[in-house]
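Everything below concerns the one structure shown next.
Protein chains: 2
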Amino acid sequence: MTTPHHPLQNHLLAALPAADFARLLPDLELIAMPLGWAVCESSDHMAYVYFPTTSIVSLLYIMEDGASAEIAVTGNEGLIGVSLFMGSDSTPSRAIVQSAGYGYRLKASALKREFALSGHFYHHALLFTQALMTQISQTAVCNRHHSVDQQLCRWLLMSMDRLRCDELVMTQELIANMLGVRREGVTEAAGKLQAAGLIHYSRGKITVLDRPQLEKRVCECYAVVKKEFDRLLPDHLQTRLVAAAVR
Amino acid sequence: MTTPHHPLQNHLLAALPAADFARLLPDLELIAMPLGWAVCESSDHMAYVYFPTTSIVSLLYIMEDGASAEIAVTGNEGLIGVSLFMGSDSTPSRAIVQSAGYGYRLKASALKREFALSGHFYHHALLFTQALMTQISQTAVCNRHHSVDQQLCRWLLMSMDRLRCDELVMTQELIANMLGVRREGVTEAAGKLQAAGLIHYSRGKITVLDRPQLEKRVCECYAVVKKEFDRLLPDHLQTRLVAAAVR
DNA sequence: CTCCCTATGTGCGCTATGGCGCATACCTGT
DNA sequence: ACAGGTATGCGCCATAGCGCACATAGGGAG
């Protein structure tokens with residue numbers, strides 16, 4: 133069974149009134165998003181905004197010495213390329229596909245045309261941006277105060293929320309890059325979780341076995357961000373209804 | 133000598149075309165911002181946006197266990213209350229006056245009226261928001277990878293940039309709260325800087341003696357954020373000219 | 001079936017930072 | 001001048017995370 137692709141799988145697009153969506157549809161271009169693809173390099177002038185549907189994209193900051201840290205992560209609840217409508221068209225961070233999948237992209241010109249014609253898209257885009265700011269803020273706080281163990285739980289939960297399944301294709305090395313810690317630190321933290329029976333992993337594949345227990349171990353940051361996304365972007369229900377109708 | 137107050141001391145207001153500024157002027161209310169005042173509590177529904185002129189305001193996140201961490205800091209280059217025009221009217225963080233001074237505030241209703249009448253203000257407000265996102269992102273990265281020493285340098289430089297002088301009224305205890313580290317950690321880091329002759333401090337007053345050397349010790353985060361602010365908000369020169377004309 | 005590459009596991013010492021308790025010194029108000 | 005509070009200094013130990021070196025193991029390619 134092949135998954136059918138549709139722009140409505142992205143919540144931001146699904147939240148648009150039918151007329152606005154119809155106007156945008158011809159400009160939406162399905163695009164495969166392979167693992168590791170740099171959707172946007174730091175300081176790149178972006179020509180498109182990207183709407184993930186089945187992929188997950190991480191915003192990463194790469195330091196001068198090569199060390200990295202994840203700033204935020206976006207799946208089908210949002211978009212990549214906030215700077216395009218915030219007034220600039222670049223940021224100092226890099227966007228990397230963390231989980232392969234698909235998405236749609238929209239030319240910057242089409243985006244601006246749509247913003248000029250109707251305020252709905254703009255409105256949702258700004259709400260998403262505010263939610264993104266919350267996520268970034270919480271990342272800052274979490275980096276300061278919480279252990280690798282807790283951060284791994286947070287990272288797993290956030291990734292699961294953005295996929296439909298309980299299985300992630302992801303090496304510990306990559307997770308370490310995201311969290312900005314040593315690979316061994318991830319090995320140790322993941323080992324604890326596996327010993328406790330919460331997850332199972334093997335050679336680049338992680339399966340979550342006991343999500344409720346993961347939620348017990350995670351720091352408050354996870355809930356804060358989730359709550360804020362739900363508050364600011366309460367379109368999840370609508371999305372599912374529309375997606376069901378499309379299928 | 134008393135400092136005369138004027139809304140144009142705030143760069144965002146100074147960047148407005150004369151007509152837009154004139155329309156806003158009657159609604160701008162001068163307000164004293166004493167040290168430690170919570171301009172906005174977390175999850176507070178905001179009724180005003182605040183434009184610092186001579187004050188500095190920190191965005192703080194307070195954790196469940198009481199630990200805190202600074203997310204970003206804003207002086208007369210920006211405003212407090214981004215959520216008001218991003219679509220919501222609250223955030224999970226708290227805004228605290230870090231350096232006493234003055235500012236102007238504007239009712240949410242007047243803000244929205246202005247946005248409807250002209251896009252200039254909106255445009256600058258969004259650019260500022262993007263710069264703020266960069267600052268928050270860099271805070272996240274800095275928290276992950278840099279030492280307390282480096283972060284103290286960053287904090288001092290960012291504070292100096294937002295004041296006109298080289299003297300900060302600030303205890304090490306408060307700095308520790310901002311950075312989210314132990315007070316003793318700040319004592320130690322500040323001690324090193326004082327021993328090296330870069331700063332002098334005594335009971336809640338810090339004087340920067342050798343700014344160039346501070347810039348040598350600071351991590352890359354400081355420059356990244358500064359560059360981004362200069363790129364996105366290149367109105368500093370204009371501001372000074374206007375401010376000079378007003379005086 | 002075998003080989004090799006890559007992912008994971010482990011051990012060791014090191015350093016930065018946290019937690020705690022307490023000493024000191026300075027400023028301010030009376 | 002004095003007292004009291006507050007800001008700063010310091011020591012001690014615990015521990016999380018880093019850097020490094022290397023061992024092991026699973027799984028795909030031939």
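Sequence lines, in order, name chains A and B. According to my numbering, the first sequence is numbered sequentially starting from 133. According to my numbering, the second sequence is numbered sequentially starting from 133. C-beta atoms are modelled at their ideal positions from N, C-alpha and C, and glycine is treated no differently.
Nearest-angstrom Cβ-Cβ length linking residue i and residue j, presumed shorter than 8 Å
i, j, result
"Val214 (chain B)", "Ser190 (chain B)", "In fact, because the Cβ distance is near 14 Å, the residues do not count as touching under 8 Å."
"Arg245 (chain A)", "Ile163 (chain A)", "Going by Cβ atoms, the distance from Arg245 (chain A) to Ile163 (chain A) rounds to 20 Å, so no, they are not a contact pair."
"Leu144 (chain B)", "Ala257 (chain B)", "7 Å"
"Ile307 (chain A)", "Ile203 (chain A)", "Incorrect: roughly 15 Å between the Cβ atoms, too far for contact."
"Leu284 (chain A)", "Glu347 (chain A)", "Actually they are not in contact, since the Cβ atoms of Leu284 (chain A) and Glu347 (chain A) sit about 13 Å apart, beyond 8 Å."
Limits of the unbroken alpha helix (DSSP H) element including residue i
i, result
"Ser215 (chain B)", "Ser215 to Met218"
"Thr186 (chain A)", "That residue, Thr186 (chain A), is in no alpha helix (DSSP H); it is neither H nor E in DSSP."
"Glu347 (chain A)", "Arg343 to Arg349"
"Met195 (chain A)", "From DSSP, Met195 (chain A) is part of no alpha helix (DSSP H); its letter is neither H nor E."
"His143 (chain B)", "His143 to Ala146"
"Ser269 (chain B)", "Gly251 to His277"
"Val318 (chain B)", "Arg315 to Ala327"
"Glu284 (chain B)", "Note on identity: in this sequence residue 284 (chain B) is Leu, with Glu being the wrong assignment. Note, Leu284 (chain B): alpha helix (DSSP H), Val280 to Arg294."
"Leu156 (chain A)", "Ala150 to Leu156"
"Leu365 (chain B)", "Where Leu365 (chain B) is concerned, there is no enclosing alpha helix (DSSP H), given that its DSSP letter is neither H nor E."
Check whether residue i and residue j have beta carbons under 8 Å apart
i, j, result
"Val418 (chain A)", "Ile331 (chain A)", "Lying before the first or after the last residue shown, residue 418 (chain A) is absent from chain A, which here runs from 133 to 379."
"Pro149 (chain A)", "His255 (chain A)", "no"
"Met178 (chain A)", "Cys172 (chain A)", "yes"
"Ser187 (chain A)", "Ser250 (chain A)", "no"
"Ser259 (chain A)", "Phe217 (chain A)", "According to the sequence shown, residue 259 (chain A) is Leu rather than Ser. Their beta carbons are not under 8 Å apart, which means Leu259 (chain A) does not touch Phe217 (chain A) by this criterion."
"Val356 (chain A)", "Ala201 (chain B)", "no"
"Gly207 (chain B)", "Pro224 (chain B)", "no"
"Asp293 (chain A)", "Ala321 (chain A)", "no"
"Ser222 (chain A)", "Ser291 (chain A)", "no"
"Pro136 (chain A)", "Leu160 (chain A)", "no"
"Ala199 (chain B)", "His277 (chain A)", "yes"
"Gln262 (chain B)", "Gly219 (chain A)", "yes"
"Gly336 (chain B)", "Met310 (chain B)", "no"
"Ala240 (chain A)", "Ala170 (chain A)", "no"
"Gly329 (chain B)", "Asp342 (chain B)", "yes"
"Leu394 (chain A)", "Tyr182 (chain A)", "The structure shown does not extend to residue 394 (chain A), since chain A is modelled only from 133 through 379, so no value can be given for it."
"Glu352 (chain A)", "Met195 (chain B)", "yes"
"Arg296 (chain A)", "Tyr354 (chain A)", "no"
"Ile338 (chain A)", "Leu364 (chain A)", "no"
"Arg315 (chain A)", "Gln326 (chain A)", "no"
"Asn275 (chain A)", "Asn275 (chain B)", "yes"
Per DSSP, the bridge partner or partners of residue i
i, result
"Ile307 (chain B)", "Paired residue(s): none; Ile307 (chain B) is not in a bridge."
"His332 (chain A)", "A:Thr339"
"Arg237 (chain B)", "B:Glu161 and B:Tyr182"
"Ile203 (chain A)", "Bridge partners of Ile203 (chain A): none, in fact."
"Ala170 (chain B)", "B:Ile228"
"Ile212 (chain B)", "B:Tyr182"
Beta strand (DSSP E) segment containing residue i, residue limits
i, result
"Ser225 (chain B)", "Run containing Ser225 (chain B): none; DSSP gives neither H nor E here."
"Glu299 (chain A)", "Glu299 to Val301"
Closer than 7 Å between beta carbons: that is the criterion. Which residues of the stretch 174-207 of chain A meet it against chain B?
Tyr193, Met195, Glu196, Ala199, Ala201 and Ile203
Taking a cut of 8 Å between CB atoms, which residues from the stretch 263-275 of chain B lie near chain A?
Leu264, Met265, Thr266, Ile268, Ser269, Gln270, Thr271, Ala272, Val273 and Asn275
Please identify, using Cβ separations under 8 Å, the residues of the stretch 287-305 of chain B that lie next to chain A, in order along the chain.
none
Tell me which residues of the stretch 224-240 of chain B have at least one Cβ-Cβ distance to chain A shorter than 7 Å, keeping chain order.
Pro224 and Ser225
Would you list, in chain order, the members of the stretch 303-323 of chain A that have their beta-carbon closer than 9 Å to a beta-carbon of chain B?
Leu311, Gly312 and Val313
With 9 Å as the C-beta to C-beta threshold (strictly closer), list the residues of the stretch 319-349 of chain B near chain A in chain order.
Under the 9 Å Cβ criterion, the stretch 319-349 of chain B contributes no residue.
Interfacial residues, the stretch 145-157 of chain A to chain B, with Cβ spacing under 8 Å
none
Give the residues from the stretch 351-363 of chain A that approach chain B closer than 7 Å (Cβ to any Cβ), ordered along the chain.
Glu352, Val356 and Glu360
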